[in-house]
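First comes the structure, then the notes that go with it.
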Amino acid sequence: MSWIEISFETFKPQAQTFSDLLEELGAVSVSFFDASNQPILEPKPGKTPLWQKVKMVGLFPADFDTKPVLQALKNLLPNTSINQSTLAEQDWSRTWLEHFKPIQFGEKLWVIPSDSPPPEQTDAVIIKLDPGLAFGTGTHATTALCLRWLDAHPPLNQTVVDYGCGSGILGIGALKLGAQKVHAIDYDPQALTATLENRIRNEIVEDKLSVYLPEDAPKDLNAELILANILAEPLISLCPTFAALLNQDGNLVMSGLLTKQIEAVTSAYDALFIVREIQTEDEWALLWLVRK
């Protein structure tokens, strides 16, 4: 499978804004390069590189209609060259692996490439990931918020739902931190494939992690925790679904929404959930709700 790559240059203060825009418009991955062709900098979660001028690269599926993306960028950057090219999956994978570095979340949780040596920390909890057809490596602020929440609140012996699982990073993290069972749900079959591949990569036994398309997921999971790192609009519409999947007093942790969208999302959940905590990083938010 091939990918569409859209690239352009901007200045450091605008880099995170354009990264968020590309993801909102459908990019499955956004990378930062130095515009002077120095090596890629692996940014800390939710942070932008230190270079003054940054090359932004957004990755889109081969069949994605990029016309709205190109038009939006041209409207915002009328005097900037915006380039589109086709990238073979194997070429992108090799580049991704070359620059993906171990990252720590909270006290114990680490995400590392599968061929990377383990961290020296003796009590480290390790998630191994490689590039695939679905994404989520911890470098975006919303994934980082969720991983740090998991590290601080290990779901010991709990049934967990990873809704919008992507690479499976959150569900695998939950299992590594003691969850009894994870049900991973995603609309994209490629995400389910990537999650299963990462289950094997992390040596998780088969019956600990199941994957489903939404229409195939069991309706009576009685879960103690739902993790949902998706966009605000689907989060709002999924309130009844999440309420049905959770047991009473179950925890719902949502991210993928902007801070300006907090009120709209929490309002949709008022009747069935209590807001326990709100965390923010840059323009992004994490909501921790409890089922009434």
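Note that numbering that gives the first Met the number 0 gives residue 211 to position 212 of the sequence shown, counting from 1, and the numbers run on in steps of one. Virtual Cβ for every residue (Gly too), placed ideally from N, Cα, C.
Looking only at Gln-103, Ile-5, Ser-80 and Phe-104, the smallest Cα-Cα distance to Phe-63 is reached by Ile-5. Under the DSSP assignment, Gly-172 falls in the alpha helix (DSSP H) whose first and last residues are 168-175. Glu-232 is the residue among Val-210, Lys-100, Asn-246 and Glu-232 whose C-alpha sits nearest the C-alpha of Lys-259. With a threshold of 16 other beta carbon atoms within 10 Å, Asp-161 meets it and is buried. When DSSP states are grouped into helix, strand and coil, Tyr-268 belongs to the helix group. Between Gly-163 and Ile-229, the CB-CB gap stays under 7 angstroms. In terms of Cα proximity to Leu-191, the closest of Leu-212, Lys-175 and Lys-180 is Leu-212. Note that the region 242-259 does not touch the region 97-117; fewer than 3 beta-carbon pairs, one per stretch, sit closer than 8 angstroms. Ser-254 and His-152 have their C-alpha atoms spaced approximately 16 angstroms apart.
Asp-150: member of the alpha helix (DSSP H) spanning 140-151, first to last residue. Val-181 and Leu-174 have their C-alpha atoms spaced approximately 7 angstroms apart. Residue state for Ile-229 is assigned as coil, using DSSP reduced to three classes. When beta bridges are read from the DSSP output, Arg-198 appears opposite no residue. Assignment of beta-bridge partners to Glu-276 by DSSP yields Trp-287.
Across the structure, Val-159 and Val-27 are spaced so that their CA atoms are roughly 24 angstroms apart. With a contact defined as Cβ atoms closer than 8 angstroms, Leu-76 and Phe-7 qualify at about 6 angstroms. Of the other Cβ atoms in all chains shown, fewer than 16 fall within 10 Å of the Cβ of Gly-177; this residue is therefore exposed. Rounded to the nearest angstrom, the gap between the Cα atoms of Lys-207 and Gln-157 is 11 angstroms. The beta-bridge partner set that DSSP reports for Asn-250 consists of Leu-224 and Val-289. For Val-124, the enclosing beta strand (DSSP E) covers residues 124-128. Collapsing the DSSP output to three states places Ser-18 in a helix. No residue range can be given for Ala-216, since it is assigned to no alpha helix (DSSP H) and is classified by DSSP as neither H nor E. In this structure, the straight-line span from the alpha carbon of Ile-273 to that of Val-29 is close to 34 angstroms. Rounded to the nearest whole angstrom, the CA to CA distance from Gln-179 to Leu-72 is 45 angstroms. In the structure shown, Glu-4 adopts extended strand secondary structure according to DSSP, grouped into three states.
When secondary structure is reduced to three states using DSSP, Asp-206 falls in the helix class. One thing to note: Leu-271 has its Cβ no nearer than 7 angstroms to the Cβ of Ala-227.
The Cβ neighbour count for Arg-275, taken over all protein chains shown within 10 Å, is under 16; the residue is labelled exposed.
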